[in-house]
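The structure under discussion appears below in the form of structure tokens.
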Amino acid sequence: MDAIDEIVAEFLVESHENLDQLDRDLLALEQNPGSRELLASVFRTIHTIKGTSGFLAFHKLEKLTHVGENLLSRLRDGRIELNDDRATSLLKMVDAVRGLLAAIEATGAEGDADHSELIATLSALLEDGAAPAAAPAPAAEQPAEQAEPAADAEVTAQAEPVAAAEAADAGSTDAEQSDVEQVDAEQADAEQTDAEHDDHAAAEHADDEAGEQADPAVAGTPAAQATAAEGGGSTSSVATATKAKTPAAPAAVPAQGAPPIGEVLVTAGAATKDAVTVARMEQGLGDNRPLGSILVDHGAVTPAAVEHALEAQSGHRSVVDSSVRVDVELLDSLMRLVGELVLARNQLVSRLDDAKDASKDSSLARSAQRLSLVTSELQEQVMKTRMQPVDSVWSKMPRVVRDLAKTCGRLVRLEMDGRETELDRSVLEAIKDPLTHLVRNAVDHGIEPPEVRKAAGKPVEGVLRLRAYHEAGQVHLEIIDDGAGIDPQRIAAKALERGLISQAQLATMTSREIMHMIFLPGFSTMAAVTNVSGRGVGMDVVKTRIEGIGGSVDVSSKIGQGSTFRLTIPLTLAIIPALTIGCAQRRYAVPQVSVLELVRLNGEHARGGIELISGAPVYRLRDMLLPLVRLDEQLGLVPMGAADADGVVADESRGGFIVVLHAEQQRFGLVVDDVLDTQEIVVKPLGRHLKGIPVYAGATILGDGSVVLILDAATLARRSNVLNNSAGLAAADTADEAEVLDPVLVVEVAGDRRAAIPLEMVTRLEEIPSASIEHVGGREVVQYRGHIMPLVRLSTLLGAYGSEGGGEGVQLVVYTRGERSVGFVVERILDIASERIGTRSDIDDHALVGSVVIGDKVVELLDVESAVLAADPNFYTVAASADTAYEEALA
Amino acid sequence: MSQLSTFVVGKYLFGVDVSLVQEVVRLQSITPVPLAAPAIAGLINLRGEVLTAIDLRVRMGMTRSTSERDPVNVVIRVDDEPVSLLVDEIGGVLEVSQVPFEQTPSTVDERVREMLLGAYTLPDRLLLALNAHRVHALAEDARAA
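Listed in order, the protein sequences are those of chains A and B.
In terms of our numbering, the first sequence opens at residue 328 and continues consecutively.
In terms of our numbering, the second sequence opens at residue 201 and continues consecutively.
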């Protein structure tokens, strides 16, 4: 029973995959109705399902696929053409098959769905083509290469299937030889799967014509396989087993480019070249045994060596062997374990950091660093195993678009860019429905009916483009249509009508904000709700879902030209970079994707810098008002608004930080007591008692073993009403417009600490041998272009800790002004990034001007001036003079 | 349930079906969760797993413990989700199949009564049998309230 279950399970997995392929093939076929290759592929899939379902006694499935197969076989033979009706019916059949498979998966039985109508339709479509002649000559209509085998198979199948098996054995003279041949035959089978399938099909086809005989090919008896193999006798490797009598076909020369067996044996050192040559000559003289057997007979090689060589030879079909089917659950548990490993690594590293001054155990530190590297790599690789191309979701779209376009009377061409873009499967799962909804929406609401398009002077066929690409550690998905676009006026009118906003509110809204109202619950611009979109799931659900996984949705549109929906989605959900902050003696984590910048409040910039507008705290950040949210208030740790009774911030003298966050395209500042660090955290779900508190996105365990709550930026913003704050909105809008690119050089200082140097301050990048560094009065210098250039190690300057200078070469970033140069020693040159101006923050630290967010990491922005002065205190004062103190000292 | 794992909370001796108890640990570090129900003591790290800890004193309408000692976590598995109950002291496992069992008297505060299956009248004191599912669920109700 178990064995059967297992077979059924395998059948289901395989069939599901085949059906996806089938959908694609059928759609491709519509574009290219004459393609025999596609027809053959479709036929094969259906045939396989039919065969297996018959074997497993799924009679409904068998009956359904049988009719479909008949139709397909006629299509393939060119006796009928693929028209719209036939394509639709075939797609319906695929759906029905899918339904049956789902039922089998759920209940183990086929269920009681009735497909007689579909079967009747399919049969009717079969008949109304060319008159089905009683005995057409299939061989004649087959492609040339198939004609022969088909005829062959017909004869064999009708006459005596068993004879074929006998034929296969006929060449054997002793048991050993038969063994070797068996291997050959198997190998040939595997390599020729495709060819064999065709031959199966051909054999069966012939069989059909002969009038519903027994089905030897499907029954899968060795005899039938041998028959098929013989049918496919045009390929040489099969000949080893069955047609070995032909001396011209030397034993074991596989068709698909694998080296001959003799060569393999010689390469492996199992046989000498001479022995092989002799054996080959014998073959040429009429010995019809395989080369391996001859060699064994001669005592030139051992039978084991031959077998080994055959295996090695078959190693060529590595496409099949190099991938393994793995249970998703196993991957999930692997991911969990890696998560634990990351935690343990973090713990170890934090312990070491604590101990680094007290006891510098360098070998321990080195091991830890190595462990750290390996862990990161492992994490990356395991993540990769969970990655799937976005195509696995997109592949369903052509069908969705086709059906929908037919229903709505639209002409739509679907284009897809970046199918191979990979996402974590948990993320893919989560975006499936929102994506489908957006696609449906674009076809239904976006692209106009052909006559409207024609009237507007557009091509009648609308184009729907799906784009996917990676950027800055996130995946961007775009759904672009060239339809009517979204009219802000209409949206505004609708929102007023629905009472979602008031006239007064509308007056203050930007067009962007109006556009975003389509994501409000209860909003639908279609006058009539079609059965396509507007059924339950709306844009608000799309938005909620995408935000639920830490992504965001944006929309832009030009009236008459189309709309673009842009989804920004994290690569994975399980391990994310996060900023750890302190508030009221507790630590919390904020996902780095939400963090724009950090602003320190100290000295005169302390909380006195926070101003109040009728009780709502704001901060002037680069002359823009940033609405603030106090974390301690939001978490109920201090009473709300306690500080601002008189319009004065009571705890003015207290320091702190503003973490500038963005949520739903708006910026706001989260006031916290402390900013600790950035690290990769493993997101752990909260128990059910806490699931209902939306402020928390989960929890994580930090390096010291303590549990820390992860805050959800969007919820914090929503709770405190920041999102309706027009100051925040204005700021966000301005920030978007003011996005100026300011390139910086990103370097690794030590460990994973990074620094950014404005590119305008970089004259050259150099690599010098570490031996060339000389010391002058406690300073490191190097001879560079005829001058002596002082060096400054950024790791020392920034107080970073890590191993450095261990390598042969030293990476230098050279800054030259006039005659004088200074070299900054860095661990590694990483990248040139374009910093968003708006992401600079003002951390007053030694040799740092602040920090910027590049990609998903906070990178310190180097204060080049003070770094230069650290290397050469006189750099700016005597820049003109060439004879420096160093040169004197060196002389 | 003939075997109860027992623990002391305030003046009372409670028991919970021994098969529900996963383990008993003494942990010092509890991360409080602002905005959660008062009975939620916070989150604990149990060998890399984040568990919710319910303060049984608060749950049972008593005052929060002022003890200097680290609370004892009785980790029970309810509906396949582990949750920790903070108790004052852990007792032993008692065989109760021979002990007379009484329904909880109706005079007991309803909120507390809901969480009790009844009482075993031990010779020297009462052993209150906890309804683990209710303790678990109540924490949820309290949050919703």
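Backbone N, C-alpha and C define an ideal beta-carbon position, used for all residues, glycine too.
At a cut-off of 8 angstroms, the C-beta of E314 of chain B has no neighbouring C-beta in chain A.
Proximity of the segment 669-681 of chain A to the segment 709-726 of chain A falls short of the contact definition, fewer than three beta-carbon pairs being nearer than 8 angstroms. The three-state reading of DSSP puts K785 of chain A in coil, since its state is none of H, G, I, E or B. Contact residues of the segment 283-303 of chain B toward chain A are V283 (C-beta to C-beta distance below 8 angstroms).
Taking a Cβ-Cβ cut-off of 7 angstroms, the neighbours of G248 of chain B in chain A comprise E667, L670, I1028, given in sequence order. Restricting attention to beta strand (DSSP E) runs no shorter than 3 residues, the segment 754-813 of chain A encloses them at 789-798, 801-808, ordered along the chain. The shortest CA-to-CA distance from D404 of chain A to any of A:E840, A:T434, A:K377, A:G361 is the one to A:G361. At a cut-off of 8 angstroms, the C-beta of I1020 of chain A has a neighbouring C-beta in chain B.
In the DSSP assignment, G378 of chain A falls within the alpha helix (DSSP H) that extends over 363-382. Secondary structure at R893 of chain A: strand, using DSSP grouped into helix, strand and coil.
Given a length threshold of 4 residues, each whole run of the alpha helix (DSSP H) inside the segment 253-328 of chain B is given here in chain order: 256-259, 310-313. In this structure, the CA atom of Y915 of chain A is about 17 angstroms from the CA atom of R927 of chain A. Residues of chain B with a Cβ closer than 8 angstroms to the Cβ of G1032 of chain A are, in chain order, S229, N245. According to the DSSP secondary-structure assignment, N245 of chain B is paired through a beta bridge with B:V250. Flagged as an interface residue toward chain A: T252 of chain B, by a C-beta distance shorter than 8 angstroms.
Between the C-alpha atoms of S838 of chain A and V272 of chain B there is a straight-line separation of about 58 angstroms.
Looking at A:Q348, A:G773, A:L1043, the one whose alpha-carbon comes closest to that of T891 of chain A is A:G773.
P1096 of chain A is not a Cβ neighbour of R1106 of chain A, given a cutoff of 8 angstroms. Among the bridge pairs identified by DSSP, Y1203 of chain A is matched with none. Rounded to whole angstroms, G789 of chain A and E747 of chain A show a C-alpha spacing of 24 angstroms. By the Cβ rule, the segment 226-245 of chain B does not count as touching the segment 303-317 of chain B, because fewer than three pairs are nearer than 8 angstroms. Around the beta carbon of H374 of chain A, 16 or more other beta carbons lie within 10 angstroms, which makes this residue buried.
At a cut-off of 8 angstroms between beta carbons, R1015 of chain A contacts chain B. Our two residues, V965 of chain A and Q912 of chain A, have alpha carbons roughly 13 angstroms apart in a direct line. Under the 8 angstroms criterion on CB atoms, K785 of chain A is classed as non-interfacial with respect to chain B. Under the Cβ distance rule, V1035 of chain A counts among the residues neighbouring chain B, one pair being separated by less than 8 angstroms.
Chain order gives the chain B residues near L964 of chain A as P234, where near means a beta carbon separation below 7 angstroms.
The beta-bridge partner set that DSSP reports for M714 of chain A consists of A:D751. Two segments are said to touch when three or more pairs of C-beta atoms, one from each, lie closer than 8 angstroms; by this definition the segment 235-250 of chain B touches the segment 273-292 of chain B. Against chain B, a Cβ distance below 8 angstroms from K1011 of chain A picks out E249, V250. In the assembly as shown, Y796 of chain A is an exposed residue. Its beta-carbon has fewer than 16 other beta-carbons within 10 Å.
Going by DSSP, M842 of chain A is part of no beta strand (DSSP E) but of the alpha helix (DSSP H) stretching over 838-843.
Contacts with chain A at 8 angstroms (Cβ-Cβ) include E281 of chain B.
Beta-carbon to beta-carbon, L661 of chain A and M714 of chain A are separated by about 13 angstroms, too far to satisfy the 8 angstroms threshold. Under the 10 Å beta carbon count, F301 of chain B is surrounded by fewer than 16 other beta carbons and is classified as exposed.
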